[in-house]
Amino acid sequence: MSTIIDGKAIAAKLRAEIATEVKILKEKGIIPGLATVLVGEDPASEVYVRMKGNACQELGMHSVKHTLPATTTEAELLALVARLNSDPTIHGILVQLPLPKQINSDTILEAISPVKDVDGFHPYNVGRLMVGKPTFQPCTPYGVMVMLREAGVDLAGKEVVVVGRSNIVGKPVALMCLQQHATVTICHSKTRDLPAKVKGADVVIAAVGVPEMIKGEWIKEGAVVIDVGVNRIGEKKLVGDVEFAAASQRASAITPVPGGVGPMTITMLLYNTLEAAKKAGTGDR
Ligand code: NDP
449 MSTIIDGKAI AAKLRAEIAT EVKILKEKGI IPGLATVLVG EDPASEVYVR MKGNACQELG
509 MHSVKHTLPA TTTEAELLAL VARLNSDPTI HGILVQLPLP KQINSDTILE AISPVKDVDG
569 FHPYNVGRLM VGKPTFQPCT PYGVMVMLRE AGVDLAGKEV VVVGRSNIVG KPVALMCLQQ
629 HATVTICHSK TRDLPAKVKG ADVVIAAVGV PEMIKGEWIK EGAVVIDVGV NRIGEKKLVG
689 DVEFAAASQR ASAITPVPGG VGPMTITMLL YNTLEAAKKA GTGDR
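Each residue of the sequence shown is one higher than the one before, starting from 449 at the first, in my numbering.
What follows is the structure, given as C-alpha cells:
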C-alpha cells in the first residue's frame, strides 16, 4: 500500500505559515489584498470565487469581490482591471475563467499588471517561468510541486510523465519538473501508447479531465502518483484521472481525490498574494 500525500494537511500547514506572515506584514502597515472578478453566473465559478475570498479573510487578508453581469463588455472589464491595477490596497488580481464569449480571455489576462498576476497566467510571467526566473507560478502546478517537496520526492534524474498539456496545468508543471532536473515526457490526446509511457514513469502527474483513465496496472511499482484531475460523477462523487484503488496498490505515494491537489490550489493563490504584497512593501515590483 502506498503513502497518501495529504493535500489538506499540507495546505493547512502552509496556510498557518501564511497567516503568521500576514500578521507580521500588518504590523508594518501592509494588508495583503486580493481582488476577485467574476463575470456571469457559472455556478462552479461562483463556488471557486467564494472559496478564494473566504480563504483570504480566514488568513487576515483583504479581499474584494467584483461580480459583473454576463453581458459585460470587454471594454468594461478592461476598465475594472485598470482600476485594480492602480489600486494600492490590491496586490493580487484574479479574473475567474472562463469568461463569456464576447470577452477575449487573452486580452484580459494580458491587461492585468504582471506584478499583480497572482494566477501566473500573464505571458510575461509565463515567459519568466520558461527561462527559470523568479515569477508568480501558476497555482495548481505550484501546489503539485509543494506536495512533491513535502512528500520528500527528489526529482533530479527521475522520469516524470505528465499527462495533459494545458497552459494552466500540464505545460507549467512539466517546466517546473524540468527545472528540478527531472527527465520529463509530456503526453496528450495524440500520444501513442500512453500505457507504455506511464509504465516507465517514476513520477506520474495526471491532468487530463477524464475519470480514472490512468489505469492502476500502468503504474510502475514504487512510482509517485499526483492526480490533478477533478471529475464529477453524478451529483456528489468526485474522482480523479487515476484509478485510485488499483494505483495505490503499486505506487509508493499517491494523492487522493478529493483532498489531494485541490486544497493546494487556493493555498498557492494566497501564497502568491502574500508574496505580491511583500514585494509591494519593499518597492521591489
Ligand atoms: P484541459 O482540458 O485544458 O487539458 C486536458 C489535457 O488532457 C489536454 O492536453 C488533452 O490533450 C489531454 N487529454 C485529453 N484526453 C486525453 C487522453 N485520452 N489521453 C491523453 N491525454 C488526453 O484540462 P486542464 O488542464 O484544465 O485540467 C485537467 C484536469 O485537472 C481536469 O480534471 C480539471 O478539472 C483538473 N484541474 C484541477 C485543479 C485543481 O485545483 N485540483 C485545477 C485545474 C484543473 P490535447 O491537448 O491533445 O487535447
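Note that CB positions come from ideal geometry on N, CA and C, so glycine has one too.
These numbers come from a predicted model, not from an experiment.
Fewer than three Cβ pairs drawn from the stretch 686-693 and the stretch 535-552 lie within less than 8 Å of each other, which leaves the two stretches out of contact. Just so you know, the alpha carbons of residue 646 and residue 676 end up roughly 15 Å apart. When DSSP assignments are scanned along the stretch 684-726, the uninterrupted stretches of alpha helix (DSSP H) that are 4 or more residues long and fall wholly within it turn out to be 692-695.
With contacts defined by Cβ atoms closer than 8 Å, residue 716 and residue 591 form a contacting pair. The ligand NDP never approaches residue 509 closely enough for any of its heavy atoms to be under 7 Å from the residue's Cβ. For the 8 Å CB-CB criterion, residue 616 and residue 586 form a contact.
For residue 576, the shortest C-beta to heavy atom distance toward the ligand NDP is 7 Å or greater. A distance of 8 Å or more separates the beta carbons of residue 709 and residue 687. Our two residues, residue 643 and residue 666, have alpha carbons roughly 6 Å apart in a direct line.
Between the ligand NDP and residue 621, a heavy atom-to-CB distance of less than 7 Å is absent.
Note: residue 607 is bridge-paired with 631 in the DSSP secondary-structure output.
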